[in-house]
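Everything on this sheet refers to the single structure shown next.
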Amino acid sequence: MAVTLRHQAVGGAGTPAQHMLRRRDVAVLLPLVATGLWPTAAQAAPVLRVLSWPGYADPDIVAVFEKRHGAKVEITTVASDDVLRAKLANPQGVGFDLVAANTAEIARLVVRRLLAPLPVHNIPNTERQLPRFRQLHAIAGIAQGSDVYAMPYTYSEMGLIYDRQQISTPPASIAVLWDPRWRGRVLAFDGSSHGFSLAAMYRGMAPFHIPAAQFGPLARDLVALRRNVRSFYSLPEESLELFRKHRIAVMHANYGQQQLKQLRDAGLDVGYVVPREGALAWLDCWAITRRSTQVALATEWINYMLDPSVSRELTRRQGLANTLEEPLALSGDAPAGAIVWLEPVEDEARRAQLWQRILSGDRPNRF
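Note that the working numbering numbers the sequence shown so that position 209 is 972, with each residue one more than the last.
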């Protein structure tokens, strides 16, 4: 680093005392320059790379964090667990510092040693969370031994959203998704794990541990579902447009109450139920990856996400529950079935392979 010291002439060349002062200044400044402490140029802002779901980190929320910490945050959103896995598994891809994932995905990432233990003592806003979310070792999938790898952030069940103008009585069973009366007016989520779990629940089977011999029959059920649906959606905004455009009667709501809020905000007369077979439910958490080079900043991000102003804004904007306060009951939409928290499945690769064949149009006799 080159240093130029400029002298301003005052009354000629200056007095001996002034020359002595300047030499003393140089003696002080040169070590600062050599150690990089002299602010000759602005330091580049650290970059925090976040893999997230839609609505978890809106631009204005991110901007406050960036200003507060003098950092740059890059948000990448995903629309399914399949996409999330692919992005984290790509060794040539972006090295994410943080990921938002449900507890079943967190458990997989922990087993594959892709996550770093959280410095929970550096996340003071955890003290604001509801008691059940502070008992971290009691939440399946997020802890191993004495280490905690993820911090709960938001959750929802995957209920059924239905058009009250077309279906006057709330549907009691997920069988409504296969009902031929609604052919072309059904929406379902494009996700292999949830798709097979849904079909298993439809048949009264355990959703996360499907016997090998049952994959064929369940794949045929999903082909029948494919023939009944108008479309498989990925993002909640996409489901809103499809619901409105095609006069949808019923939808399996992967984003649960987030989608319910969007449809109601759009003026649609919709109801929401948990069917008698139960509803899959997810608990999304923030986790820091082992590839992160910004662990301290990532920890600040998690603490910021748990700030009451941020968590409550998530609920206000997205309709999703936060971990700081109990969700408000939905008037007139009493859940009927049980909540089934997501767990790791028996063979995610097999589910994904079969799901792609189902979507591509394979006939039932091919399974």
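We put the CB at the ideal spot given by N, CA and C, even for glycine.
Consider the Cβ of tryptophan 945: report whether some Cβ of chain C lies at a distance smaller than 7 Å. As a matter of chain content, chain C is missing from the structure shown, which is built from one protein chain.
Assuming valine 1103 and proline 970 make a contact with CB atoms under 8 Å, what is their CB distance in whole Å? 6 Å
Exposed or buried, what is glycine 799 when buried is set at 16 or more other beta-carbons lying within 10 Å of its beta-carbon? Caution applies to glycine 799, whose pLDDT of 44 falls short of 50 and renders its modelled position unreliable; the value that the coordinates give is listed next. Glycine 799 comes out exposed.
Over the uninterrupted beta strand (DSSP E) stretch that includes asparagine 991, give me the two end residues. Careful: asparagine 991 lies outside any beta strand (DSSP E), inside the alpha helix (DSSP H) at 978-991.
Would you call the segment 924-941 and the segment 906-913 touching, i.e. three or more CB-CB distances under 8 Å? No, the segment 924-941 does not touch the segment 906-913.
7 Å CB neighbourhood of glutamate 1183 in its chain, flanking five on each side removed: An answer regarding residue 1183 cannot be provided, because it is not within the stretch 764 to 1130 covered by the chain.
Determine contact between the segment 878-897 and the segment 1069-1085, defined as no fewer than three beta-carbon pairs at a distance below 8 Å. Contact between the segment 878-897 and the segment 1069-1085 is present, because at least three Cβ pairs lie under 8 Å.
Going by DSSP in three states, histidine 884 sits in which element: helix, strand or coil? Three-state result, histidine 884: helix.
Residue of Phe978, Ala834, Leu1105, Gln1057 minimising C-alpha distance to glutamine 1116: Phe978
Alpha-carbon spacing of alanine 797 relative to arginine 1053, whole angstroms: Note that alanine 797 scores 44 on pLDDT, short of 50, meaning its location in the model is unreliable; the coordinates nonetheless yield the value given after this. Between alanine 797 and arginine 1053, the C-alpha separation is close to 33 Å.
C-alpha gap between glycine 922 and glutamine 806, whole angstroms: 49 Å
Please report the distance separating the alpha-carbon of glutamate 1076 from that of lysine 830. 18 Å
For proline 915: DSSP bridge partner residues: Cys1048
Indicate the three-state DSSP secondary structure (helix, strand or coil) for aspartate 942 in the structure shown. coil
Express the C-alpha separation of serine 815 and arginine 786 in angstroms, rounding to a whole number. Below a pLDDT of 50, predicted positions are generally treated as unreliable, and arginine 786, at 43, falls in that range; the measurement from the model is reported next regardless. Those two C-alpha atoms are separated by around 55 Å.
Pairwise C-alpha distance: leucine 877 and proline 854: 12 Å
Limits of the unbroken alpha helix (DSSP H) element including serine 1072: Where serine 1072 is concerned, the enclosing alpha helix (DSSP H) stretches over 1071-1081.
Taking the continuous alpha helix (DSSP H) assigned at phenylalanine 896, which residues delimit it? 894-897
Beta-carbon separation (whole angstroms), alanine 982 vs leucine 861, contact threshold 8 Å: Between leucine 861 and alanine 982 the Cβ distance is about 35 Å, and since that is not below 8 Å, they are no contact.
Residues near glycine 1019 by beta carbon distance below 7 Å, same chain, minus five either side: Ser919, Glu920, Met921, Gly922
Arginine 989 beta carbon less than 7 Å from that of isoleucine 1121: yes
Straight-line gap, leucine 872 to alanine 808 (C-alpha atoms, nearest Å): 29 Å
At the level of alpha carbons, what is the spacing between arginine 1039 and serine 960? 15 Å
Give the straight-line distance between the Cα atoms of glutamate 868 and aspartate 844, rounded to the nearest whole angstrom. 8 Å
Helix, strand or coil for glycine 1034, going by three-state DSSP, please let me know. Reduced to three states, the DSSP call for glycine 1034 is strand.
If you count every other CB in all the chains shown that lies within 10 Å of the CB of threonine 752, and 16 or more means buried, which is it? In this structure the chain extends from 764 to 1130, so residue 752 is not present and cannot be described.
Does glycine 967 pass the burial test, meaning 16 or more other C-beta atoms within 10 Å, or should it be called exposed? exposed
From what residue to what residue does the alpha helix (DSSP H) around leucine 1026 run? 1020-1028
DSSP state of isoleucine 1121 mapped onto helix, strand, coil: Helix, per DSSP.
Report back the beta-carbon spacing between aspartate 1047 and serine 997 to the nearest angstrom; my notes put them in contact at under 8 Å. Contact flag wrong, Cβ pair sits at about 16 Å.
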